[in-house]
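Notes for the one structure printed next.
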Amino acid sequence: MNPSLGVKMLIFLSCFLFSVIVAIVAGLIMHKPNTPKGPAFLYGGGAFTGSLTLCLLTLTSLGVL
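With the first letter of the sequence shown counted as 1, position 41 gets the number 43 in this note's numbering; the numbers rise by one all the way through.
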């Protein structure tokens, strides 16, 4: 399977948006009332990085990207 550049960009964009959703949910779960927001942002950033990496590596190993 050899998709065109446009299809690859759409697949990357869907992985990116999925990772953003994961990061938002992780940050919201991590945040507690009356505490600083910094640790929640860092936790969400780590979740974003891990999710995007896992998504792209999986699609690359399957030959989609």
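Virtual Cβ for every residue (Gly too), placed ideally from N, Cα, C.
1. Rounded to whole angstroms, what's the CA-CA distance from I47 to T37? Just pull it up for me.
2. Under three-state DSSP, which class holds K10?
3. Just mark G65 as buried or exposed, buried being the case when its beta carbon has 16 or more other beta carbons within 10 Å.
4. How many angstroms separate the CA atom of F14 from the CA atom of Y45?
5. With DSSP as the reference, label M3 as helix, strand or coil.
Put simply:
1. Just to set this straight, residue 47 is Gly in the shown sequence, not Ile. Those two C-alpha atoms are separated by around 18 Å.
2. It is helical.
3. By the Cβ neighbour-count rule, G65 is exposed, with fewer than 16 other Cβ atoms within 10 Å of its own.
4. F14 and Y45: Cα-Cα distance of roughly 22 Å.
5. Of the three classes helix, strand and coil, the one that applies to M3 here is coil, per DSSP.
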